[in-house]
Every structure is written in C-alpha cells, then in structure tokens.
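Residue numbers (this note's numbering), protein chains in the order written: chain F, 393 to 605; chain A, 393 to 605.
Here's what the structure looks like:
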C-alpha cells in the first residue's frame, strides 16, 4: 500500500505569518495547501509566494470554487498552483470547466452530498475528493468515528483518491490503518504546534510506521 | 411593493480593472459586490479599496464561505464588508459562526439544496438567499424559466429576502414582475456593457418602471 501523503494547510489570515510557518515545514511535507482563509485575504500573491519558495513542491490552492470554475482554476494555475478545489454542491459544468484549466481538481465534501453525485464527478473525470470534519462541526463537539471511516472507505472503493482532514493529530492516524488514504491534511495540527517542524516530522513518521515507507 | 435593489458584481480577475469599472457605476447601484473571482485574486485589499471609494454604500464580500465561517466573516468585516455569503452546503454551525461576525449573511444556492435545509437556515436566523443561474450552467445553455421563478417565489413565501443572479439583462427583469425580489445582481450585464453607467441606469429605470420608485 502506497503511503498516504502529508499535506500542510496554511489557513492563516495574513501572508507573512503563513510564510513564517511554511518555512519550518515546507521541506518536510509532501503537499502545501494555500488555504481558503489565506487566499481570500492575500489573493493570488499567496500562491505566488509559496510557489516562489517551493518551486518543486505540489501546491494546492483551496478555493472551494462554486462557480466560474474555468476562471478561478486558470487564475490560481497561473499563480503557480498544481491543483485547486471545488465545493461538492458546484454543478458538473463548473467542475469540468475548472478541470480543463489546471492539472487536477479535488471535490471538497461538505454537507449533504450523495454517492450518486460522487459517481457523476468520477464520470466527469474528477477522481480526488476531500473528506472533512468541518472546523465548525469540530468546534461544536463532533469528532471522527466509524460513520466517517465507512464513508471514506466507500469513496475509496468507488475509485477516488481520498484526502481526509479536520482535527487530525498523530494519535488519530491509526484510526485509518489498513485504508489506502491518499493524503492526510492538517493545518494547526502542525502550524500551531510548539515545534512545527517536529510536529510535521512526527506526523510523517507515524504515517510511515502504519503504511510503510 | 418595495422596489428591488440593484447590485453590481465585480467579478474581475484583477483589482485595477474592477476599480476602473466601479467608478462608472458605483454611485448608481444600491449594492456593490466584491465578487469571488476578485477576492480570490486580490484578497482583502479588494474589499478595502471598494470601501475606501464608497464609504456609505452597502458592500458584499462574496466569499461563498464553506467552512471557518467565523474567521472568514470577521476578516471581510474588518476589511469593510457589510455582508458576506456562505455556500448552501456549508453546515449550520459554519453559517451561524459567520453570522455572528458580520451584519448579515446570504446563502448562495448552488446544486441540490432542499427546502428543508432552507428552513434550517431561517431557523438559524439567516434570512437572505441568492438564487443563481450558475455561470457555467448558462454557458452550457440553461436559462431562466418557470421552474426558477417558482423556486424564487417559494423562497420568498418562506420568509427569505431573495436575490437573483445569473445572465440577467434589462429584458429579463419583467419575468419577475409581481414578485417582491429583494435584489437583482448583475456583473458583466453592467461592467461589460459598451457604456456601463448607461447600462446601470437602464437596469434601475426598468426596475422602477416595474416595481415603482
């Protein structure tokens, strides 16, 4: 089983603090995400700066695009992003329009999506999804459970590469043992740690311990 | 019947061209929208510049927020926005978190939302929705029809203030005659016109002709 990727989400409200944090962990992680909060605050400058710092790293612009997929995807692609995200309630034409303008599109799963919709994404050539515990749901006391793991496995069985995110820590990773998760995404689990580089190293070590090198 | 508002959406991919266009129409329209494309490109600078130009105008930051509602709403509020948008597949905790940080939140209707969900938004104190013809759906040949008007009327009957948008022109407005639409939103219908000020004036004149002053 290929080991899952480790992705750091930069969900800062300003570019300087995002840059400060990424310098500590950018070389350790597999994928760097320019988070929605950051891109809404700093615009395409955020993507451009991270690309300038990490010319060879996979970079995701987390636009959560709902409309005007072609324009949004083209803009972040020009700024240096490899991938962008679309929201699950976007229409198929929006998703397809985005997918035409950038290497890959990932569907962000929020709210009441269905497996029937998910099949339509696959049929449209979109094979990456991001399974969330919403940050606000986590604040409201929800957490990872069997219900989530079942959904993640079903999406994998359908043929998706599935990223998981939301309140993950090193202890949580073992819940996914035996599942070919594509990517674990964490933001403050790394960036808000006392020692972010150590936190990223610990995440990666635990991934390698469970899934192999 | 109170006349519907006219809202111009600035969906430019760069701030200078948005500023150029808004100077021609900002004093004519009721509401100025810093569109999603623009805010993803220029960040909170876009909101700050438009607020600086129009200190007394209602300004919407169209973030289409899907998560981290509190942070996103607080950030655009600090930049000068009166309202922001959330996507319909966001969770209720996300919507509530956003609504706590800014004067008002509008729910953007994309994809397969239900009236049961809409009732939950009302129950959460959110009473503005935006009914779309998706830009990409329009590109794919869809248009306004009886199906759309019925949905808009039902949302109004539920107690929402409903904005409508997507491929509107002066000719389209009369389709909504007799319906207390809250706001008509148009972007390129005004900004891409040969004479944007004249286009905005024509939109407003038609609104006043149909709904009164």
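Backbone N, C-alpha and C define an ideal beta-carbon position, used for all residues, glycine too.
Residues bridged to residue i (per DSSP)
{"i": "residue 404 (chain F)", "result": "Answer by DSSP bridge pairing: none, since residue 404 (chain F) is not bridged."}
{"i": "residue 441 (chain A)", "result": "None; residue 441 (chain A) has no bridge partner."}
{"i": "residue 360 (chain F)", "result": "Since the first residue of chain F shown is 393 and the last is 605, residue 360 (chain F) is not available in this structure."}
{"i": "residue 424 (chain F)", "result": "F:400 and F:451"}
{"i": "residue 478 (chain A)", "result": "A:457 and A:499"}
{"i": "residue 577 (chain A)", "result": "A:399 and A:557"}
Minimum Cβ-Cβ distance from residue i to chain F less than 8 angstroms
{"i": "residue 507 (chain A)", "result": "no"}
{"i": "residue 397 (chain A)", "result": "no"}
{"i": "residue 455 (chain A)", "result": "yes"}
{"i": "residue 448 (chain A)", "result": "no"}
{"i": "residue 503 (chain A)", "result": "yes"}
Within 8 angstroms, strictly: CB atoms of residue i and residue j
{"i": "residue 518 (chain F)", "j": "residue 544 (chain F)", "result": "no"}
{"i": "residue 398 (chain A)", "j": "residue 592 (chain A)", "result": "yes"}
{"i": "residue 482 (chain A)", "j": "residue 459 (chain A)", "result": "yes"}
{"i": "residue 473 (chain F)", "j": "residue 451 (chain F)", "result": "yes"}
{"i": "residue 423 (chain A)", "j": "residue 578 (chain A)", "result": "no"}
{"i": "residue 445 (chain F)", "j": "residue 478 (chain F)", "result": "no"}
{"i": "residue 547 (chain F)", "j": "residue 567 (chain F)", "result": "no"}
{"i": "residue 595 (chain A)", "j": "residue 573 (chain A)", "result": "no"}
{"i": "residue 565 (chain F)", "j": "residue 599 (chain F)", "result": "yes"}
{"i": "residue 468 (chain A)", "j": "residue 491 (chain A)", "result": "no"}
{"i": "residue 431 (chain A)", "j": "residue 439 (chain A)", "result": "yes"}
{"i": "residue 558 (chain A)", "j": "residue 525 (chain A)", "result": "yes"}
{"i": "residue 514 (chain F)", "j": "residue 537 (chain F)", "result": "no"}
{"i": "residue 522 (chain F)", "j": "residue 555 (chain F)", "result": "yes"}
{"i": "residue 461 (chain A)", "j": "residue 487 (chain A)", "result": "yes"}
{"i": "residue 500 (chain A)", "j": "residue 456 (chain A)", "result": "yes"}
{"i": "residue 449 (chain A)", "j": "residue 418 (chain A)", "result": "yes"}
{"i": "residue 511 (chain F)", "j": "residue 553 (chain F)", "result": "no"}
First and last residue of the uninterrupted alpha helix (DSSP H) at residue i
{"i": "residue 594 (chain F)", "result": "588-603"}
{"i": "residue 584 (chain F)", "result": "Element bounds for residue 584 (chain F): n/a, residue is neither H nor E."}
{"i": "residue 546 (chain F)", "result": "538-550"}
{"i": "residue 488 (chain F)", "result": "484-491"}
{"i": "residue 573 (chain F)", "result": "Note, residue 573 (chain F): premise wrong, no alpha helix (DSSP H); not H, not E."}
{"i": "residue 446 (chain F)", "result": "Where residue 446 (chain F) is concerned, there is no enclosing alpha helix (DSSP H), given that its DSSP letter is neither H nor E."}
{"i": "residue 512 (chain F)", "result": "507-515"}
Interface partners of residue i on chain B, CB under 7 angstroms
{"i": "residue 500 (chain F)", "result": "Among the protein chains in the structure shown, which are F and A, there is no chain B."}
CB contact check: residue i to chain A, cutoff 8 angstroms
{"i": "residue 441 (chain F)", "result": "no"}
{"i": "residue 402 (chain F)", "result": "no"}
{"i": "residue 409 (chain F)", "result": "no"}
{"i": "residue 551 (chain F)", "result": "no"}
{"i": "residue 555 (chain F)", "result": "no"}
{"i": "residue 519 (chain F)", "result": "no"}
Beta strand (DSSP E) segment containing residue i, residue limits
{"i": "residue 455 (chain A)", "result": "450-457"}
Check: residue i C-beta below 7 angstroms from any heavy atom of the ligand HEM
{"i": "residue 465 (chain A)", "result": "Looking for the ligand HEM in the displayed structure turns up nothing, as the structure carries no ligands at all."}
Residues of the region 425-439 of chain F with a CB closer than 8 angstroms to any CB of chain A: list them in chain order, please. 428, 429, 431, 432, 433, 434, 435, 436, 437 and 438
Can you list, in chain order, the residues of the region 463-485 of chain A whose Cβ is nearer than 8 angstroms to any Cβ on chain F? 463, 464, 467, 468, 479, 480, 481, 482, 483 and 485
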